[in-house]
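Chains as they are written, first to last, in the numbering used here: chain A, 1 to 424; chain B, 1001 to 1507. In this text, a Cβ means the ideal position worked out from N, Cα and C, and glycines have one as well. Note that this is a predicted model, so its numbers are computed, not measured. For reference, the structure is listed below as structure tokens.
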């Protein structure tokens, strides 16, 4: 007779820990692959998993074995035309015939070790060692998040919360307490009985002995009748719900859509915004995005319009900043929200306007923001806007950052640079 | 037998638990009639994901944690998901009860094949073969693995994952040199193991301190007298030696070495009996299922499906095929087992000449005898018949790096049979396959360096991993390690760790 067991419902991820260990060990390789992949991917699938390739010798597990050379005889199957004594030219690198069945030891013949990481892991590696500058504000935001916590014991509850140890302990205590006087009385009576029985048979008070025996019987029966467990013995685990503070962030994406920004530049801006968005999403429970595009005047738009509609005209950056300020005041009270700003532009601005931007940023926006990053996507020299922004950075060195991007492959390094975890 | 008296157990391809039970009962009954003795079977139905997990852990239901298993898992997952590899239909573990996994995707016919192959074929081999009987403890292996897993997890908590991992890495590199070839360990239970581990820890540390004795030696001993070697005889079990003698190891590191050593010992018989084990299991699934058919218990469709996968399992691509990767142990094993039966039942004159003892004997007894008392090397040496050599068209290729051409030294003809048989047997001798490396001395009076010798066989050199493995050895030993390759007493290559100048051997 055999045992037949259905194991399909057991966990299937037995290897998960070992897999994690492997990923941890080859972190450097994977990070490099991830960073290459981010540069190469199209915008819509930055979030996918990735195929990782590591040179075989780097993941090798060395064991002692024989190398090529020396004298060896190998038996092969499937002889057709050979007869004993034939000689054959040695095949290049083959050492005579195809492998001798030993190659499997070292995994030779495979130059690369290839495997797949999941989307989650991909993001993990992508944002590893990055941190959001400045503390995250957490807010008791009402109803949606609770954490249940043990809070001692209670005498009311539902059956699934019965605490068996406590209940039985209470029952035991009750039985001791209620039976105590009776047991004491029994002990007294037994002593008396012993004393009576110790007398000479003629002197015994048989009537008293019978009385005592009867009383002992009665008391014993009473003790026996104490209920083993009573309703008020039962104790329940008490759980209380604590509201969880949740963190919310809003990200303002500001982009110049004037004629000078072509599709390629916008594409780069979009990649940057997507990276930032994914990053925020990992760090906050709720993340909202506000898209503001501008040329000479600014407008809040949806994502589609933000990236794909084209307009022409001049550029007044301050219009966007002003709109951002208004939206902040109207919808995102700084007591509840973590605010982030990200601006992408090719650096063009109406000359007089740049100083207005400086004023706006330093006085009315930056004091409320967690972080503001500005990327300038241009191969050309910086213009007035950049220089004004540099002065903003001097005033807010911790939460203002500006970087220049020339090509698509710069984006990820620039992003890492902006959010590199810094020693506290 | 006509089709009218067929009462098949099932006709569809879907399996159910009741059907598996019924097939198992029928196959078990026939197996018992043929005298197969087995451990009790524990058949577990698992999904393909679980099969991949099982694969990564060499089939063990419990294994300690290590990145290399994660690597194997990723590799399997990658190949499987891309369709480059089908999963094996079965994994079976040498334990008592004998655990066999069936994949839920398989059809009824495949499940029956696996039951016959694993639960009665491999199972009876585990129970009967002398190597398994001597070297492994089917009763305690799962318990032991549980102990190992918990112990290593505890070490990771105490000393950090990285520290434990690096010891394991080093042990794995030397795993093939952690095997006792002659002494038999005795079985103990998991709790006993745990209790002893604590005792061992204390005791071992005392022992090692011997190496550390710093009291100056007497003058007479210091000069003149030739120093007595630290070792009475060379040590081939490197891990055992390290566990007992490495001066700098912490007790927990010794215990980890011991665990790896025990696991290596457990798997050692499997590495020595691949051809026999697979041949035996394949022969029996073939025999048992045909018997089921003859008794009218399975349908023609069942047989077609079974024969198709049986044929692909025992397919041997010829040496010049792109799919060729050495001799298929299933093919060779099945051919030899079937041929043994033939020699017993229908001996030819040639068989009478080559196998006078067994030609015409009772085939069940003869096969049992062969299964119980041999390993691959001796099994081939003893039983590889001219007919099998002819059928597989085996031939020997002599590759000597002193000559420009390789030579066909023997083929499947009257002059060649003995050579082919001898060479093929040698090919399965682990002693030939793995370099013969032993610890020959420890410099107790100097820098405590360890000296090893590699005795070359037919001038075959060590491969390019040697330096890397030596690094692991050095890590465990804690002092310099020197290795020499010797051919006929002459040093042909030397390796050192830490490396000395440019002596490093390049290939």
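Where residue i and residue j are concerned, what is the direct C-alpha to C-alpha distance, given to the nearest angstrom?
i                       : j                       : result
residue 122 of chain A  : residue 49 of chain A   : 6 Å
residue 1013 of chain B : residue 1308 of chain B : 15 Å
residue 4 of chain A    : residue 1043 of chain B : 5 Å
residue 79 of chain A   : residue 1394 of chain B : 6 Å
residue 1481 of chain B : residue 1444 of chain B : 13 Å
residue 1057 of chain B : residue 251 of chain A  : 47 Å
residue 315 of chain A  : residue 330 of chain A  : 25 Å
residue 37 of chain A   : residue 248 of chain A  : 30 Å
residue 1233 of chain B : residue 1440 of chain B : 7 Å
residue 396 of chain A  : residue 53 of chain A   : 42 Å
residue 1197 of chain B : residue 1261 of chain B : 14 Å
residue 1449 of chain B : residue 1230 of chain B : 11 Å
residue 264 of chain A  : residue 408 of chain A  : 9 Å
residue 298 of chain A  : residue 284 of chain A  : 28 Å
residue 1403 of chain B : residue 85 of chain A   : 14 Å
residue 218 of chain A  : residue 202 of chain A  : 27 Å
residue 1319 of chain B : residue 1397 of chain B : 11 Å
residue 1454 of chain B : residue 71 of chain A   : 16 Å
residue 1253 of chain B : residue 1063 of chain B : 18 Å
residue 1269 of chain B : residue 1109 of chain B : 30 Å
residue 1415 of chain B : residue 1131 of chain B : 33 Å
residue 1134 of chain B : residue 1238 of chain B : 21 Å
Mind checking residue i: buried by the 16 CB within 10 Å criterion, or exposed?
i                       : result
residue 87 of chain A   : exposed
residue 1167 of chain B : buried
residue 1421 of chain B : buried
residue 1383 of chain B : buried
residue 1301 of chain B : exposed
residue 421 of chain A  : exposed
residue 1017 of chain B : exposed
residue 1243 of chain B : buried
residue 232 of chain A  : exposed
residue 1279 of chain B : buried
residue 156 of chain A  : exposed
For residue i and residue j, which I take to be in contact (beta-carbon distance under 8 Å), what is that distance rounded to the nearest angstrom?
i                       : j                       : result
residue 1452 of chain B : residue 1438 of chain B : 7 Å
residue 339 of chain A  : residue 357 of chain A  : About 17 Å separates the two Cβ atoms, so there is no contact after all.
residue 1152 of chain B : residue 1256 of chain B : 7 Å
residue 292 of chain A  : residue 300 of chain A  : 6 Å
residue 1409 of chain B : residue 73 of chain A   : 6 Å
residue 1387 of chain B : residue 1463 of chain B : Wrong, their Cβ atoms sit about 37 Å apart, outside the cutoff.
residue 1359 of chain B : residue 1380 of chain B : Contact doesn't hold; Cβ gap of about 18 Å is too wide.
residue 1292 of chain B : residue 1027 of chain B : 7 Å
residue 1039 of chain B : residue 1138 of chain B : 6 Å
residue 1105 of chain B : residue 1170 of chain B : Going by Cβ atoms, the distance from residue 1105 of chain B to residue 1170 of chain B rounds to 39 Å, so no, they are not a contact pair.
residue 348 of chain A  : residue 383 of chain A  : 7 Å
Of all the CB atoms in chain C, is at least one closer than 9 Å to the CB of residue i?
i                     : result
residue 34 of chain A : The chain inventory of the structure shown lacks chain C, comprising the protein chains A and B.
In this structure, how does DSSP classify residue i when only helix, strand and coil are distinguished?
i                       : result
residue 207 of chain A  : helix
residue 156 of chain A  : coil
residue 1418 of chain B : helix
residue 1333 of chain B : helix
residue 299 of chain A  : strand
residue 181 of chain A  : helix
residue 1062 of chain B : coil
residue 403 of chain A  : strand
residue 251 of chain A  : strand
residue 1273 of chain B : coil
Less than 9 Å between the beta carbons of residue i and residue j, yes or no?
i                       : j                       : result
residue 258 of chain A  : residue 313 of chain A  : yes
residue 1495 of chain B : residue 1487 of chain B : no
residue 1294 of chain B : residue 69 of chain A   : no
residue 376 of chain A  : residue 344 of chain A  : yes
residue 1289 of chain B : residue 1306 of chain B : yes
residue 1142 of chain B : residue 1251 of chain B : no
residue 1282 of chain B : residue 1478 of chain B : no
residue 964 of chain B  : residue 19 of chain A   : Examination of residue 964 of chain B is not possible in this model, given that chain B is present from 1001 through 1507 alone.
residue 1275 of chain B : residue 1356 of chain B : no
residue 1375 of chain B : residue 1272 of chain B : yes
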